[in-house]
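Novice: Here our numbering = 1-based position in the sequence shown + 67.
I have a structure I would like to understand better, so I am pasting it below and will then ask my questions one at a time.
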Amino acid sequence: MKNPLFPPPSDDYGPEPLRPWDHRPKESATPPLRGPTAAGGPPPACPAHGDRWEDEPVRLSTLDSDRPPAELYRELRARFGPVAPVLLDDDIPAWLALGYPEVAYVTGHDEEFGRDSRRWHQWENIPGDWPLLAYAGYQPSVFFAEGEEHRRRAGALTRALEAMDMYDVSLVCESVGRRLIDRFVHDGRVELLESYVHALPVRVMIELCGMPAGEDITENLAEDLRITLDAERGENPVEAYRRVARQLGALVTARRERPERDLTSYLVTDEAALTDTEAVHDLTVLILAGQQPTSNWICNALRLLLLDDRFADKVAGGRVGVPEALTETLWLDTPVQNFLGRWATRDTELGGRPVKQGDCVLLGLAAANTDPELWPHGGMGEGSTAHLSFSMGEHRCPHPSPQMARVIARTAIDTLLARLPDLAVAVEAEELRWRRSLWKRGLEELPVVFSAGGVREWTDRGAGRARSRETGLLRD
Ligand code: HEM
Numbered sequence: 068m069k070n071p072l073f074p075p076p077s078d079d080y081g082p083e084p085l086r087p088w089d090h091r092p093k094e095s096a097t098p099p100l101r102g103p104t105a106a107g108g109p110p111p112a113c114p115a116h117g118d119r120w121e122d123e124p125v126r127l128s129t130l131d132s133d134r135p136p137a138e139l140y141r142e143l144r145a146r147f148g149p150v151a152p153v154l155l156d157d158d159i160p161a162w163l164a165l166g167y168p169e170v171a172y173v174t175g176h177d178e179e180f181g182r183d184s185r186r187w188h189q190w191e192n193i194p195g196d197w198p199l200l201a202y203a204g205y206q207p208s209v210f211f212a213e214g215e216e217h218r219r220r221a222g223a224l225t226r227a228l229e230a231m232d233m234y235d236v237s238l239v240c241e242s243v244g245r246r247l248i249d250r251f252v253h254d255g256r257v258e259l260l261e262s263y264v265h266a267l268p269v270r271v272m273i274e275l276c277g278m279p280a281g282e283d284i285t286e287n288l289a290e291d292l293r294i295t296l297d298a299e300r301g302e303n304p305v306e307a308y309r310r311v312a313r314q315l316g317a318l319v320t321a322r323r324e325r326p327e328r329d330l331t332s333y334l335v336t337d338e339a340a341l342t343d344t345e346a347v348h349d350l351t352v353l354i355l356a357g358q359q360p361t362s363n364w365i366c367n368a369l370r371l372l373l374l375d376d377r378f379a380d381k382v383a384g385g386r387v388g389v390p391e392a393l394t395e396t397l398w399l400d401t402p403v404q405n406f407l408g409r410w411a412t413r414d415t416e417l418g419g420r421p422v423k424q425g426d427c428v429l430l431g432l433a434a435a436n437t438d439p440e441l442w443p444h445g446g447m448g449e450g451s452t453a454h455l456s457f458s459m460g461e462h463r464c465p466h467p468s469p470q471m472a473r474v475i476a477r478t479a480i481d482t483l484l485a486r487l488p489d490l491a492v493a494v495e496a497e498e499l500r501w502r503r504s505l506w507k508r509g510l511e512e513l514p515v516v517f518s519a520g521g522v523r524e525w526t527d528r529g530a531g532r533a534r535s536r537e538t539g540l541l542r543d
C-alpha cells in the first residue's frame, strides 16, 4: 500500500553489511592467540586452584544446550575455573568469562576490553560464511563504537527511548498482540512462537519507530527483519538486510522533514546531530538488538507460567505470577546466554588466564547469573535484581531498553492470557526442545491449545489501563 510518508526505498541510504577484514585493524597485528593449551605450557597460574583446571579448549558446539544453564555452566566452571578457553565455529579460539566478577570486570573496563571487533587477530582465519559473523562483523554503528563516539551515539538512543511514554508502548503492544491473536483465535490450537511470540516485539518496535500500524509496508519490513535475523532455507538475509536499510532510510528522511512523536523523530532531532547514515545504522541496531532477546524472554516466561506448578495455578487465577516469572527467567533462563563479545586492547590477565592483545572474550551472562559463588546457599535470584542479563558498563543494554522490554513482554503475556484464558501447552513438557544454541535461549516450538474463539475482545481499553496502573507498570 502506498503511503505518502514513506517514499519509495532509495539506494542512497543504509548500512551495507561490512566484512571486518575490509577494514584496517586499529592496533598493529598481534601474534595469534597462544592459549594455555596451544602453548603446551603449564596450567594458568591460579593460587587457589593450581593445576586443577583444564586447559584443553572446549568446542562450544559440543556443549548440550538442552541442559539447564545453571547445571551446564557449573560443570564448565568446575573444569575450567572462572574463564574457559573455548573454540567457536571453525575452531576459532576465544575466552569465555564464566564468573560473575569476571564478567562484571570485563564489561566495566572498556579501556582493557574494547568493543571494536576489528582488533581481533583471528580475522584472517574466519571464513566469509562464518555463522557468527552477524554478531562479530564490524559495523559503523553504536554497537561497535567506543569512547566519546559511543557516548554520543548511545546518548541519542537513550534520550529517544526516554522520550517515549511507556503507557503508549503498552497500548501499541496490546494492539499488535490483538491483531496477531485474531489470525489464529478460531483455530483452537497454534504454534505460539511463530504466530505470536516472535512476531510481536519486532512489530511493536517498528511501529514505535513510526511505521504505520498493520499496513503492508510494515508487515514487509517485519518479514525482512525476520529473514535478516533468522533466515530459512532459500531466503537471502543479505538482500533482506539491504531492504531493511533502505526502508529505514526512507523513514529517517520522512521524519527529518516532518517529525512526529516516535522513536525515529526523537532520534533524528536529538542534540547529538546524527547524520542520516548514523541514524539508519543505530535505528537498525535498536530494532534488531531488542527483537530476539525480548521474544525469548516472553517465550521462556510463558514456559514457566504454563508448565511450572508454582505459576500455573496463579495463571488460572488471574495472572498474578507474570512479573515474577519474567524476573525468574532473567536469572535462570536468560535470553542472551553468551554474548560475543569484547576484544582485549592489551596483554592482560583475567580469572588467572593470560589474555593477549586482540583476544576475544565472550560474556558468559547465563553462567555469571548462576555463579555458585554468588549463591553459596542456593535460592538463585530470590529478592535480587543484580543479574547480568542486560550486561553492565558502558555498552550494557541502554537505559531504558530493559524497562521497555519488560513492558512489551508483560503486555504481550497479559494480552494473550486475557484473550485465551484456558491456554495450555499441547504436548508433554518433556517434548519441548530448546533451540540448539549457546547464544540465545528459547524453545524451538511452543504448540498450544485453547477454546476456539477465545473470550470477548476487549472494547474498553480502560480495563487494561487500570490493571497496568495497579501493578505499577505504567506511570500516570
Ligand atoms: C525493547 C527491547 C530492547 C532494546 C530496544 C534493546 C536495545 C539494545 C541496544 C541498542 C544495545 C546495544 C548497546 C550498545 O552497544 O551500546 C543492546 C545491547 C544488549 N542488550 Fe538489549 N535491547 C532490548 C531488549 C533486551 C533484552 C530483553 C535483553 C536480555 C534480557 C537484552 C540484552 C542485551 C545485551 C546482553 C546487550 C549487549 C550488552 C553488551 O555489549 O555488554 N536486551 N540492547
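For every residue, glycine included, the Cβ atom is placed at its ideal position computed from N, Cα and C.
Values in this document were obtained by computation on a predicted structure and should not be read as measured data.
#1: By Cβ distance below 6 Å, which residues in the same chain neighbour VAL264 in space, the five residues on each side in sequence not counted?
#2: Is PHE180 close to the ligand HEM? I mean its beta-carbon at under 8 Å from any heavy atom of the ligand.
#3: Could you check whether the segment 424-440 touches the segment 148-167, counting it as contact only if at least three pairs of C-beta atoms, one from each stretch, sit closer than 8 Å?
#4: Leaving aside the five residues before and after LEU374 along the sequence, list all residues of the same chain whose C-beta is less than 7 Å from its C-beta, in chain order.
#5: Are there any heavy atoms of the ligand HEM lying less than 8 Å away from the beta-carbon of TRP364, as far as the coordinates show?
#6: If contact is defined by three or more beta carbon pairs under 8 Å, each pair taking one atom from either stretch, is the segment 267-275 in contact with the segment 240-259?
#7: Give the range of the beta strand (DSSP E) segment to which GLU179 is assigned.
#8: Taking the CB atoms as reference points, tell me whether ARG186 and PRO439 lie closer together than 9 Å.
#9: Within the present structure, is the beta-carbon of VAL494 separated from the nearest heavy atom of the ligand HEM by less than 8 Å?
#10: Can you give me the C-alpha to C-alpha distance between GLU216 and ALA289, rounded to a whole angstrom?
#11: Answer yes if the segment 345-358 comes into contact with the segment 308-323, meaning at least three C-beta pairs across the two stretches below 8 Å, and no otherwise.
#12: Relative to the C-alpha of LEU139, which residue among ALA476, ALA435 and PRO326 is closest?
#13: Which same chain residues end up closer than 6 Å to ASN405 when comparing Cβ atoms and leaving out the 5 residues on each side of it in sequence?
#14: Quick one: which unbroken alpha helix (DSSP H) runs of 4-plus residues sit fully inside the segment 126-150? Chain order, please.
#15: Identify, in the order they occur along the chain, each residue of the same chain with its Cβ nearer than 8 Å to the Cβ of GLY255, setting aside the five sequence neighbours on each side.
#16: So does GLY357 have its beta carbon nearer than 8 Å to some heavy atom of the ligand HEM?
#17: Excluding the 5 residues flanking THR437 on each side, which residues of the same chain have their C-beta closer than 8 Å to its C-beta?
#18: According to the neighbour-count rule (16 or more other Cβ atoms, all chains shown, within 10 Å of its Cβ), is ARG91 buried or exposed?
#19: To the nearest angstrom, how far is the alpha carbon of ARG300 from that of ILE475?
#20: Using CA atoms only, rank isn't needed, just tell me which of ARG477, LEU318, SER468 and SER184 is closest to ALA212.
#21: What first and last residue would you give for the beta strand (DSSP E) that runs through PRO421?
#22: Below 8 Å, is the gap between the Cβ of GLU169 and the nearest heavy atom of the ligand HEM?
#23: Would you tell me roughly how many angstroms separate the C-alpha atoms of LEU154 and LEU127, rounded to the nearest one?
#24: From what residue to what residue does the beta strand (DSSP E) around PRO160 run?
#25: Identify the residues that DSSP records as bridge partners of PRO514: which are they?
#26: DSSP on GLU169, reduced to helix/strand/coil?
#27: Say the cut is 8 Å; is the CB of ARG477 nearer than that to a heavy atom of the ligand HEM?
#28: If I'm right that VAL125 touches ARG409 with Cβ under 8 Å, what's the distance once you round it to whole angstroms?
#29: Is it right to say PRO114 is buried, meaning 16 or more other beta carbons lie within 10 angstroms of its own, or is it exposed?
#30: Could you spell out where the beta strand (DSSP E) holding PHE406 opens and where it closes?
#31: Going by Cα to Cα distance, which pick from ARG500, SER237 and LEU487 is closest to HIS253?
#32: Can you give the Cα-Cα distance for MET278 and ARG293, rounded to whole angstroms?
Specialist: From the atom records:
#1: SER362, ILE365 and CYS366
#2: no
#3: yes
#4: VAL492 and ALA496
#5: yes
#6: yes
#7: Careful: GLU179 lies outside any beta strand (DSSP E) and carries neither H nor E.
#8: no
#9: no
#10: 29 Å
#11: yes
#12: ALA435
#13: LEU429, GLY431, LEU505 and TRP506
#14: 136-147
#15: VAL516, PHE517, SER518 and ALA519
#16: yes
#17: PRO136, ALA137, TYR140, ARG141, TRP398, LEU399 and MET447
#18: Low confidence applies here, because ARG91 scores a pLDDT of 29, under 50, leaving its location unreliable and the question unanswered by this model.
#19: 30 Å
#20: SER184
#21: 420-422
#22: no
#23: 6 Å
#24: 160-164
#25: GLU258
#26: helix
#27: no
#28: Rounded, the Cβ-Cβ distance is 19 Å, inconsistent with contact.
#29: With a pLDDT of only 44 at PRO114, under 50, the local geometry of the prediction cannot be trusted, and the value read off the model is given with reservation. Label assigned to PRO114: exposed.
#30: 405-411
#31: LEU487
#32: 16 Å
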